[in-house]
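Here the sequence shown stands for residues 219 to 278, numbered as in our numbering.
The beta-carbon is built from N, C-alpha and C at its ideal position, and this holds for glycine as well.
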Amino acid sequence: MRCQYCGAEVSLPFKCPFCGGYFFTWHRLPENHNCPGIWRPWLRRGDLQPPPAGVPGGVG
């Protein structure tokens, strides 16, 4: 099997839970393979807007 990002031969591939692709150790994290599926959980939840100021996790 080959890494879907760099094409390197992979003996122990990692499957991305966001896009379903198989990757080499260095590219297993979504941010390391420009994962197209990384935003899907947030899109489903509708959390595209930051929390309002004064709310825990918000700015302010």
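Taking C-alpha positions only, residue 220 is separated from residue 252 by approximately 17 Å. Inclusion of residue 236 and residue 222 in the CB contact set at 8 Å is not warranted, their separation being larger than that value. Excluding sequence positions up to five before and after residue 256, its CB lies within less than 8 Å of the CB of 236, 237, 248, 249, all in the same chain and listed in chain order. Per DSSP, the beta-bridge partners of residue 240 are 233.
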